[in-house]
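Asks:
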Amino acid sequence: MKKVKKKINFKSDVMNQSTGQSWVYSDVVKDHFFNPQNLLLEDPEPGEYDAVGEVGSPACGDVMKMWVKVDKKSDKIKDLRWRTFGCGSAIAATSMFSAMVKEAGGMKINLALKIKPQDIMKRLGGLPERKIHCSVLADKAFRKAMNNYFRVSDQPQRIIALSGRIIDKRLNITDKDIEEAVLEGARNLVEVQRKLKVGVGDKAAIPELEQLIRFYVEKYYGKG
Amino acid sequence: MSMVKNKKNNIARVYLDNAATTPTAKEVLKAMTPYFFDVLGNPSALHFDGRRAKGALGLARQQVAKIINAESAEIIFCGSGTESDNLAILGAARLYKPKGAHLLTTNIEHHAVLHSVERLENKEGFKVSILGVEENGIINSKKIFANISPETILISVMYANNEIGTIQPIKKIGGLIKKWKQKNNRGPTEPPFFHTDACQAAGYLDLDVKKLGVDLMTLNGSKIYGPKGVGVLYVRRGISLEPLIFGGGQERGLRSGTENLAGIVGFAKALELAQKNRKKEISRLTILRDYFFKQILKNIPKTFINGDLKNRLPNNVNVSILDIEGEAMLLYLDEAGVSASTGSACDSSRLEPSHVILALGRPYEYAHGSLRFTLGKQTTKKEIDYTVKELKRVTEKLRKISPLNFKLGEEKLFCPSRIFVQGGRPHWERKKINKPAAVKP
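Protein sequence lines, in the order shown, are assigned to chains A and B. Position one of the first sequence corresponds to residue 68 (our numbering), numbered consecutively onward. Position one of the second sequence corresponds to residue 2 (our numbering), numbered consecutively onward.
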């Protein structure tokens, strides 16, 4: 471990061989990648954690699983552990997320649910644009774990619904697809259309589309 | 030259990415040097300096021609392996289109080939058949033969694959194409023509174009300890191409632009060295490669070899390591001083996993967890021992981080389609599927 730590400040950005583009992993990303925090090392005993949530797919290249302990009185996160199958930024983002919710004696659930991928990225000192989708899995896994907690702790009113709404009726494209397109790098209507061919058939969908794209671009890339 | 110490960080670097590019050999650089300073003319100029340059260019061309058993006039120098592939495919397809608009290739070709035929299919009205390789990463030559039609004008099959090192039966395919042409009364200057990308093969395999029965062959400098920025296209006499670059008419009008003389001389030297040392390097590297494979399989559970073990370049090791992702492995190995490469989606600019690993019929998980190590003339057994030791450590660490725990033989459990958001397809395939929807009115 010590040996690895010493090498972290090695100032060479990882380059993509085919494009020559720099990944620009910040030192914070590298630190969380090489020394991940709050990892679940041993398989948990049944009932040891109050909730579990898993998102992603091994076929797509990212899977994230979270185990959470909740302090019922204060509604705060007492402990959060995770495991991730994924690339450098996925591992770093999950590690950073776990550190964030455990700061200062644990975050209130409602506050932790408000953590956006943007907030994780800010704390990581940024991620290469194409890698942003890796980090959004952390908040999704957490949301899923919390829904699991709300269900088992008999608080169904707190469950956050996760279903897509159809925007383009002709091609059956939902707001989730548009969110994904934005995460894959599309920033405006033309780019989203190029990715999804949305609104090509259903012209009536365009105003709402533009609104959604603005919303997601702001959510993941910030204002301006 | 063994492990190179990086003084600043005191980490030994082990370079195992020779299929990406090789360091330039000292002898090559030495051969190139005069052409930066002493021989300063433009080969197109008539004066003494120009004539000297032209003489050197001719000599280099002769050298290359001799090695591949061709004539000087059949050698076209260009800027890279990619450019050479592009010139072969776009050049032949565009010129011979009146004779037929069908192209034949395989699904493990380099992107320089696949993106070229894709372009012709999408924008220029060609029909393209991309044939699948067998599970071992080798194309069945009979499959090629069966897919030749009177409309076929070009068949492109790589000599050796860059990711998994599998050697394709070029000689056999060349023979079958000849047979088809005879049966269909087609002369040697009539299509279909046979192109092979031999960039990865050049250091290790026989390049005799007559024996191979190829009409067009691509070579480049950066994989054979030569300079980057030099490619060669062998164009058999009697075959014409439509140029991609226009200007002063250099290289028989097929590749205008002042010749990169130093690079060309360096390339000729590199090819000469590569072919001279070929036999010795093959036996040395084959032993190292097989030892490497054995050590990986012995030390790291749940590991698969990608591609045929026998018909394989002596310097290529490609494995899939289950439960963990390639980019993470690559970065951990990098910190340990080992340079490797991966077919994981995360390492590609398009976030798609390697088309070559997928072509083997393996699930996506294998592509994401694939690692390629390509040995070179500087590689030692000590370096391989070090790499295996580090790979074992890295794998154990990343497996601790990973929530997955696939078991061998449970591949069927992989990837239930419901996990994909739309249409049961991962995001990189969805784009392709969406494509036809846009064309329809």
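Where a beta carbon is used, it is the ideal one built from N, C-alpha and C, also for glycine.
Would B:Ala-199 pass as a contact of B:Gly-227 if the rule is Cβ separation under 8 Å?
Replies: In the second sequence, residue 199 of chain B corresponds to position 198, counting from 1. In the second sequence, residue 227 of chain B corresponds to position 226, counting from 1. Going by C-beta atoms, B:Ala-199 is not nearer than 8 Å to B:Gly-227.
Asks: Roughly how many whole angstroms lie between the Cα atoms of A:Lys-164 and A:Ala-179?
Replies: In the first sequence, the residue the question calls residue 164 of chain A occupies position 97. In the first sequence, the residue the question calls residue 179 of chain A occupies position 112. For the sequence presented, residue 164 of chain A should be read as Phe rather than Lys. Looking at the two C-alpha atoms, the distance is approximately 9 Å.
Asks: Relative to chain B, which residues along the region 127 to 146 of chain A have a C-beta separation below 7 Å, given in chain order?
Replies: Cys-127, Gly-128, Val-130, Lys-132
Asks: Using a cut-off of 8 Å between C-beta atoms, extract the partners of A:Phe-100 located in chain B.
Replies: Residue 100 of chain A sits at position 33 when you count from the first residue of the first sequence. Residues of chain B passing the Cβ test: Ala-329, Leu-332.
Asks: Apply the 10 Å Cβ neighbour rule to A:Arg-218 and answer buried if 16 or more other Cβ atoms are within range, or exposed otherwise.
Replies: Looking up residue 218 of chain A in the first sequence gives position 151. Exposed is the call here.
Asks: Which runs of the alpha helix (DSSP H) fall wholly inside the region 32 to 71 of chain B and span at least 4 residues, in chain order?
Replies: List check, alpha helix (DSSP H) in window: 35 to 38, 49 to 68.
Asks: Residues in its own chain within less than 7 Å of A:Leu-204 by CB, not counting five upstream and five downstream?
Replies: Mapped onto the first sequence, residue 204 of chain A falls at position 137. Result list for A:Leu-204: Val-122, Gly-123, Asp-129, Met-131, Ala-157, in chain order.
Asks: Please go through the same chain and pick out, in chain order, the residues whose beta-carbon is closer than 6 Å to the beta-carbon of A:His-99, but skip the five residues on each side of it.
Replies: As a working mapping, residue 99 of chain A is identified with position 32 in the first sequence. Excluding positions up to five away in sequence, the list reads Ala-159, Ser-162, Met-163.
Asks: Does the region 245 to 252 of chain B come close enough to the region 111 to 121 of chain B to have 3 or more Cβ pairs within less than 8 Å?
Replies: no
Asks: Let me make sure I understand the geometry here. Which of B:Ile-171, B:Tyr-387, B:Ala-269, B:Gly-59 has the alpha-carbon closest to that of B:Lys-31?
Replies: Against the second sequence, residue 31 of chain B aligns to sequence position 30. Cα-wise, what sits closest to B:Lys-31 is B:Ala-269.
Asks: I need the DSSP call for A:Thr-151, collapsed to helix, strand or coil.
Replies: Translated into the one-based positions of the first sequence, residue 151 of chain A becomes position 84. A:Thr-151 falls in the strand class under three-state DSSP.
Asks: Considering only the alpha carbon of each residue, which of A:Asn-177, A:Lys-286, A:Thr-151 lies closest to A:Ile-226?
Replies: On the first sequence, residue 226 of chain A is found 159 positions in, with the first residue counted as 1. Of the candidates A:Asn-177, A:Lys-286, A:Thr-151, the one whose C-alpha sits nearest the C-alpha of A:Ile-226 is A:Asn-177.
Asks: Might you give, ordered along the chain, the residues of its own chain that have their beta carbon closer than 7 Å to the beta carbon of B:Phe-146, omitting 5 neighbours on each side?
Replies: Along the second sequence, read from residue 1 onward, the residue named residue 146 of chain B stands at position 145. Answer for B:Phe-146: Leu-177, Trp-181, listed in chain order.
Asks: If B:Ala-61 and B:Ile-265 are in contact, beta carbons under 8 Å, what's the gap, nearest whole angstrom?
Replies: The count along the second sequence starts at 1 and reaches residue 61 of chain B at position 60. The count along the second sequence starts at 1 and reaches residue 265 of chain B at position 264. Correct: roughly 5 Å between the Cβ atoms.
Asks: What first and last residue would you give for the beta strand (DSSP E) that runs through A:Glu-121?
Replies: Indexing the first sequence from 1 puts residue 121 of chain A at position 54. In the DSSP assignment, A:Glu-121 falls within the unbroken beta strand (DSSP E) covering 118 to 124.
Asks: Would you report the Cα separation of B:Arg-253 and B:Ile-77, rounded to the nearest angstrom?
Replies: Position 252 of the second sequence, counted from the start, is the residue given in the question as residue 253 of chain B. Position 76 of the second sequence, counted from the start, is the residue given in the question as residue 77 of chain B. Using only the alpha carbons, I get a separation of about 8 Å.
Asks: If you compare alpha carbons, which of B:Ala-341, B:Thr-219, B:Val-29, B:Leu-58 is closest to B:Ala-203?
Replies: Position 202 of the second sequence holds residue 203 of chain B. Of the listed residues, the one whose Cα sits closest to B:Ala-203 is B:Thr-219.
Asks: Does A:Lys-198 come out as helix, strand or coil in the three-state DSSP assignment?
Replies: The sequence position of residue 198 of chain A within the first sequence is 131, counting from 1. DSSP places A:Lys-198 in helix when its eight states are reduced to three.
Asks: Under the rule that 16 or more other beta-carbon atoms within 10 Å means buried, what is B:Ser-418, buried or exposed?
Replies: Taking the first residue of the second sequence as 1, we reach residue 418 of chain B at position 417. Residue confidence for B:Ser-418 is low, a pLDDT of 35 falling below 50, so the modelled location carries little weight; the figure read from the coordinates is stated next. Its Cβ having fewer than 16 others within 10 Å, B:Ser-418 is exposed.
Asks: Where does B:Tyr-365 fall in DSSP's three states?
Replies: Start at 1 with the first residue of the second sequence, and residue 365 of chain B comes out as number 364. Looking at B:Tyr-365 - three-state DSSP - the assignment turns out to be helix.
Asks: At a cut-off of 7 Å, is A:Leu-107 close to the ligand MG when judged by its beta-carbon and the heavy atoms of the ligand?
Replies: The ligand MG is absent from the structure shown, which contains no ligand whatsoever.
Asks: Could you name the residues of chain A that B:Ile-322 contacts, counting a contact when the two beta carbons are closer than 7 Å?
Replies: By 1-based counting over the second sequence, the position of residue 322 of chain B is 321. Within chain A, no residue comes near B:Ile-322; the closest Cβ sits about 12 Å away, beyond 7 Å.
Asks: What span of residues does the beta strand (DSSP E) with B:Gly-249 cover, start to end?
Replies: The residue labelled residue 249 of chain B in the question sits at position 248 within the second sequence. B:Gly-249: not part of any beta strand (DSSP E); DSSP gives it neither H nor E.
Asks: Check whether the Cβ atoms of B:Leu-208 and B:Leu-234 sit closer than 8 Å, and answer yes or no.
Replies: Start at 1 with the first residue of the second sequence, and residue 208 of chain B comes out as number 207. Start at 1 with the first residue of the second sequence, and residue 234 of chain B comes out as number 233. No, Cβ-Cβ distance for B:Leu-208 and B:Leu-234 is not below 8 Å.
Asks: In terms of residue numbering, what span does the beta strand (DSSP E) encompassing B:Asp-198 cover?
Replies: Locating residue 198 of chain B in the second sequence gives position 197, where the first residue counts as 1. Element bounds for B:Asp-198: 194 to 198.
Asks: Let me make sure I understand the geometry here. Which of B:Pro-192, B:Ser-342, B:Thr-304, B:Lys-144 has the alpha-carbon closest to that of B:Pro-99?
Replies: The residue you call residue 99 of chain B lines up with position 98 of the second sequence. Ranking the options by Cα distance to B:Pro-99, first place goes to B:Pro-192.
Asks: Using only the alpha-carbon positions, how far apart do B:Phe-421 and B:Ala-346 sit?
Replies: Along the second sequence, one-based indexing puts residue 421 of chain B at 420. Along the second sequence, one-based indexing puts residue 346 of chain B at 345. The pLDDT assigned to B:Phe-421 is 35, lower than 50, so where the model puts this residue is not dependable; a value taken from the coordinates is nonetheless given after this. Approximately 16 Å, taken between the alpha carbons.
Asks: From B:Thr-34 to B:Arg-14, what distance separates their C-alpha atoms?
Replies: Numbered from its first residue, the second sequence carries residue 34 of chain B at position 33. Numbered from its first residue, the second sequence carries residue 14 of chain B at position 13. Each residue's alpha carbon lies about 28 Å from the other.
Asks: With a cut-off of 8 Å, does the C-beta of A:Glu-121 fall near any C-beta of chain B?
Replies: Counting from one through the first sequence, the residue named residue 121 of chain A turns up at place 54. For A:Glu-121, the answer is yes, since a Cβ of chain B falls inside 8 Å of its Cβ.
Asks: With B:Ile-139 and B:Asn-317 assumed to form a contact (beta carbons below 8 Å), what rounded beta-carbon distance in angstroms separates them?
Replies: What you label residue 139 of chain B is simply residue 138 of the second sequence in a count that begins at 1. What you label residue 317 of chain B is simply residue 316 of the second sequence in a count that begins at 1. With 8 Å as the limit, B:Ile-139 and B:Asn-317 do not qualify as a contact, their Cβ atoms being about 13 Å apart.
Asks: Is the beta carbon of B:Leu-323 less than 8 Å from the beta carbon of A:Gly-155?
Replies: Counted from its first residue, the second sequence places residue 323 of chain B at position 322. Counted from its first residue, the first sequence places residue 155 of chain A at position 88. No. Outside cutoff.
Asks: Using 8 Å as the threshold, is the C-beta distance between B:Gly-308 and B:Asn-300 below it?
Replies: Here residue 308 of chain B corresponds to residue number 307 of the second sequence, with the count starting at 1. Here residue 300 of chain B corresponds to residue number 299 of the second sequence, with the count starting at 1. Not a contact, by the Cβ cut-off of 8 Å.
Asks: Would you give the residue range spanned by the beta strand (DSSP E) that B:Tyr-235 belongs to?
Replies: To locate residue 235 of chain B, count along the second sequence from 1; it is residue 234. Looking at the DSSP string, the run of the beta strand (DSSP E) that includes B:Tyr-235 is 232 to 236.
Asks: Where do the ends of the alpha helix (DSSP H) carrying B:Lys-212 lie?
Replies: Translated into positions along the second sequence, residue 212 of chain B becomes position 211. That run of the alpha helix (DSSP H) goes 210 to 213.
Asks: Take every Cβ of the region 120 to 138 of chain B, pair it with every Cβ of the region 83 to 98 of chain B, and state whether three or more of those distances are shorter than 8 Å.
Replies: yes
Asks: Going by beta carbon distance, what residues of the same chain come within less than 7 Å of B:Ala-329, once the five residues before and after it are set aside?
Replies: Here residue 329 of chain B corresponds to residue number 328 of the second sequence, with the count starting at 1. Around B:Ala-329: Leu-399.
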